[in-house]
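K.L.:
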Amino acid sequence: MSAFPKAESADVVPWVERKSGQRKGGMGLGPWLKNGEVLCALANSLQAGIVKNVNHSPMPFKQMENISNFLKAARKLGVRDGDCFETADLYDEKDLGGVIQCLDALKRQTAAGGQPKAAKALNVGGAQSWNTRGM
Numbered sequence: 113m114s115a116f117p118k119a120e121s122a123d124v125v126p127w128v129e130r131k132s133g134q135r136k137g138g139m140g141l142g143p144w145l146k147n148g149e150v151l152c153a154l155a156n157s158l159q160a161g162i163v164k165n166v167n168h169s170p171m172p173f174k175q176m177e178n179i180s181n182f183l184k185a186a187r188k189l190g191v192r193d194g195d196c197f198e199t200a201d202l203y204d205e206k207d208l209g210g211v212i213q214c215l216d217a218l219k220r221q222t223a224a225g226g227q228p229k230a231a232k233a234l235n236v237g238g239a240q241s242w243n244t245r246g247m
C-alpha cells in the first residue's frame, strides 16, 4: 500500500463527496472507493449517463469493472492517460497516490460548473495544438 499526499486528498475527498453524494465517513480512501460505485456516481454527476452500467455486486470482477468504467469516463471527460491509474492501483491499494492524482485531474478538468472544459485549438508556428488550460 503506498502513501498519498494528505493535502491533495484533503482537497479531493470533499469534492468527490459533494459530487457523488456518497460520504466517506471514517473509512479509508481505498475501502471507500474499492467497489467503484462512488467513482461511477462521481462520473455520472459530471455527465449524466457517462457510466451506463454500475454494478452493485460484491463480486471482485464486477467491482473492477466499475473502476474500469470510471476510468473510461474520466478519459472521455478529458483526463489524460498519464493522470489515470490502473484498476489494480485502487482495487489492490497498490497506488492510492495515483488515484488521488486522477481525481484531482478530473476535478481540475471539470472545474467550470462540473462540465468538461472545451479544448481550444491554437495555431503555433503553423502547427495546430490543443489547449484546455486558461479557459
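Heads up: the sequence shown begins at 113 in our numbering, then just goes up one per residue.
Each residue gets a CB set at the ideal place from its N, CA and C atoms; glycine is no exception.
Remember, predicted model here, so these are calculated numbers, not experimental data.
Can you name, in chain order, every residue of its own chain whose Cβ lies under 6 Å from the Cβ of Leu183, other than the five neighbours on each side?
P.N.:
Closer than 6 Å at Cβ, skipping near neighbours: Cys196.
K.L.:
Can you have a look at Ala165 and say buried or exposed, based on whether 16 or more other CB atoms are within 10 angstroms of its CB?
P.N.:
Per the sequence presented here, residue 165 reads as Asn, with Ala not at that position. Flag for Asn165 reads exposed.
K.L.:
Distance, Cα to Cα, Ser121 vs Glu198?
P.N.:
18 Å
K.L.:
Relative to the C-alpha of Val163, which candidate in Trp144, Leu189, Pro172 and Phe173 has its C-alpha closest?
P.N.:
Leu189
K.L.:
In the DSSP assignment, find the unbroken alpha helix (DSSP H) run with Ile212 in it and report its ends.
P.N.:
Leu208 to Gln221
K.L.:
For Glu129 and Asp216, I'd like the C-alpha separation in whole angstroms.
P.N.:
Rounded to whole angstroms, Glu129 to Asp216 spans 13 Å at the Cα level.
K.L.:
Given a threshold of 16 other Cβ atoms within 10 Å of its Cβ, counted over all protein chains shown, does Ser169 qualify as buried or as exposed?
P.N.:
exposed
K.L.:
Report back the beta-carbon spacing between Leu218 and Gly142 to the nearest angstrom; my notes put them in contact at under 8 Å.
P.N.:
Incorrect: roughly 18 Å between the Cβ atoms, too far for contact.
K.L.:
Cα separation between Ala200 and Arg135?
P.N.:
23 Å
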